[in-house]
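*Asks:*
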Amino acid sequence: MLSIEDDYIEAAKIDGANYFRIYWQVILPLCKPILATVGIIKFIWTWNDYQNPLIFLLSKELYPITMGMQLFQDDFADSYAVLMMASLSAILPLVIIFIILQKQVIEGISLGGVKG
1 MLSIEDDYIE AAKIDGANYF RIYWQVILPL CKPILATVGI IKFIWTWNDY
51 QNPLIFLLSK ELYPITMGMQ LFQDDFADSY AVLMMASLSA ILPLVIIFII
101 LQKQVIEGIS LGGVKG
C-alpha cells in the first residue's frame with residue numbers, strides 16, 4: 001500500500017468513488033503482482049515444509065510427499081527410481097504454478113526491487 005501513490009486515490013475520490021471502489025478498482029489491480037508473488041512464495045514455503053509435519057503428524061498416512069520420500073530409503077538398499085519419481089511428483093505442481101503465474105511473479109519482484 002505504501003508503494004501506491006496518493007495521486008491514484010485522490011483521482012478516484014475526485015471521480016466520486018467510495019472507499020470500497022477505490023480499493024477494489026484502483027489499489028487491488030496495482031497490488032496484484034505483489035500479492036501473486038507473496039502467495040506463490042508462501043505456497044512453495046509451505047509445500048517444502050519438512051519440520052512442522054514431522055512434529056505435528058502422528059500417522060504416516062498423513063505425511064506430505066517430502067516426508068513420504070524418506071520411507072523409500074533403507075539402510076541396505078535405496079530405490080532410486082522410486083525416489084526420482086517421487087521427487088518429480090513433488091516438484092511438478094510448483095513448476096506448473098510458477099509457469100502459469102510467471103509474469104506476475106517477475107513483475108512483483110521487479111516492482112519491489114526497483115526504486116524510482
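Mapping of the sequence shown onto UniProt numbering: position 57 corresponds to residue 57, and the numbering continues sequentially without gaps.
Every residue gets a Cβ at the ideal spot worked out from N, C-alpha and C, and that includes glycine.
So, helix, strand or coil for D6, using DSSP?
*Replies:* For this step, residue 6 is matched to residue 6 along the sequence shown. The answer is helix: DSSP assigns D6 an H, G or I state.
*Asks:* May I ask you to verify whether the region 89-101 touches the region 63-71, counting CB pairs closer than 8 angstroms and requiring at least 3?
*Replies:* Yes: the two stretches touch, three or more of their Cβ pairs being nearer than 8 angstroms.
*Asks:* What's the call for P29, buried or exposed, on a 16-neighbour Cβ count within 10 Å?
*Replies:* For the purposes of this step, residue 29 is identified with residue 29 of the sequence shown, where counting begins at 1. It counts as exposed.
*Asks:* Residues bridged to Q73 by DSSP?
*Replies:* Within the sequence shown, residue 73 is the residue found at index 73, counting from 1. BP columns for Q73 point to D78.
*Asks:* Could you give the uninterrupted runs of the alpha helix (DSSP H) lying entirely in the region 38-108, keeping only those of 4 residues or more?
*Replies:* Runs of the alpha helix (DSSP H) inside the region 38-108: 51-56, 65-68 and 80-100.
*Asks:* Here's the rule I'm using: 16 or more other beta-carbon atoms within 10 Å means buried, otherwise exposed. How should G16 be labelled?
*Replies:* Taking the first residue of the sequence shown as position 1, residue 16 is located at position 16. The residue is exposed, with fewer than 16 neighbouring Cβ atoms inside 10 Å.
*Asks:* Might you give, ordered along the chain, the residues of its own chain that have their beta carbon closer than 7 angstroms to the beta carbon of L101, omitting 5 neighbours on each side?
*Replies:* For the purposes of this step, residue 101 is identified with residue 101 of the sequence shown, where counting begins at 1. Around L101: A36 and I40.
*Asks:* Does the Cβ of V95 have 16 or more other Cβ atoms within 10 Å, making it buried, or fewer, making it exposed?
*Replies:* In the sequence shown, residue 95 corresponds to position 95, counting from 1. Result: exposed.
*Asks:* Identify whether A17 lies in helix, strand or coil by the three-state DSSP scheme.
*Replies:* Residue mapping note: residue 17 aligns to position 17 of the sequence shown, counting from 1. DSSP places A17 in coil when its eight states are reduced to three.
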